[in-house]
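All remarks here apply to the structure that follows.
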Amino acid sequence: MGEANISSAGSVSRAGLIITGGGARAAYQVGVLKALAEIHANPDWPFPIIVGTSAGAVSASILAANVTRWHQSIVEIENVWANFHVAQVFRSDVLAMLKAGSRWMGSVFTGGIIGPPKSLLDNSPLRELLSKVTDFEAVRVNVANGHLRALALCATSYFTARSV
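Residue numbers (our numbering): -14 to 149.
This is how it looks when you write it as structure tokens:
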């Protein structure tokens, strides 16, 4: 399924894994990854390219850091999603909401002199979660050693409404 195929022109085609976003969908994508691990019992990671969008970027980054032990990393991904809660994505406490609301109102009432916050909610907890569950140095090593060709993580900018 993820093996490189040689075309008639002699070039190598690459298979990729795309893990989409959609919040809670990422949790049941773990089931698909578990099934993939059962179907593809070979310890070699079958997809040299991994793309993750939004919530799928969490799973994609964990996989990319662990391609040399990807069967075991699916258990780690499952653990992340089984224990997932809102506070791991953004701060939703009263103080955080008041600060964000005040900043938005200040921006509106000053005609933009006071700039709006970078995002609707303070999403710094998500950065903390990603740094705990993903070894980004291991991603670099996996690419350098040829175990992984590429990792792309995609999110939507609140300012431009474009993918970044």
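Where is the CB? At the ideal position from N, CA and C, for every residue including glycine.
Exercise for review: Out of Val60, His56, Thr53 and His70, state which residue places its alpha-carbon closest to the alpha-carbon of Asn108.
Suggested key: His70
**Study point:** Three-state secondary structure assigned by DSSP to Leu21
**Key:** helix
Exercise for review: For Ser148, count neighbouring C-beta atoms within 10 Å of its own C-beta (all shown protein chains included) and say buried if the count is 16 or more, exposed if not.
Suggested key: exposed
Practice item. Kindly list the residues whose CB is nearer than 7 Å to the CB of Pro101, restricted to its own chain and excluding five residues on each side of it in sequence; keep chain order. Key: Arg88, Trp89 and Ser92
Practice item. Report buried or exposed for Ser77, applying the criterion of at least 16 other Cβ atoms within 10 angstroms of its Cβ. Key: exposed
Practice item. Please classify Ala137: does DSSP put it in a helix, a strand, or coil? Key: strand
Check your understanding: Gly6 and Ser39 look like a contact to me (Cβ under 8 Å); what is the Cβ gap, rounded to whole Å?
Key -> 3 Å
Check your understanding: Where are the beta strand (DSSP E) runs, 3 residues long or more, that stay fully inside the stretch 31 to 60, in chain order?
Key -> Whole beta strand (DSSP E) segments, 3+ residues: 34 to 38.
Review point. So, helix, strand or coil for Leu115, using DSSP?
Key: helix
Check your understanding: beta strand (DSSP E) containing Leu106: first to last residue?
Key -> No beta strand (DSSP E) contains Leu106, which DSSP labels as neither H nor E.
Practice item. Taking the CB atoms as reference points, tell me whether Ala42 and Leu138 lie closer together than 8 Å. Key: yes
Review point. Between Asn130 and Ala49, is the Cβ-Cβ spacing less than 8 Å?
Key: At a Cβ-Cβ threshold of 8 Å, Asn130 and Ala49 do not count as neighbours.
**Study point:** Pairwise C-alpha distance: Pro31 and Asn(-10)
**Key:** Since pLDDT at Asn(-10) reaches only 39, below the 50 mark, its modelled position is unreliable, and the value read off the structure follows with that caveat. C-alpha separation (whole angstroms): 12 Å.
**Study point:** Separation of Ile59 from Leu18, as counted between CA atoms
**Key:** 7 Å
Practice item. Could you check how far apart the C-beta atoms of Pro28 and His56 are, in whole angstroms? I think they sit under 8 Å. Key: 7 Å
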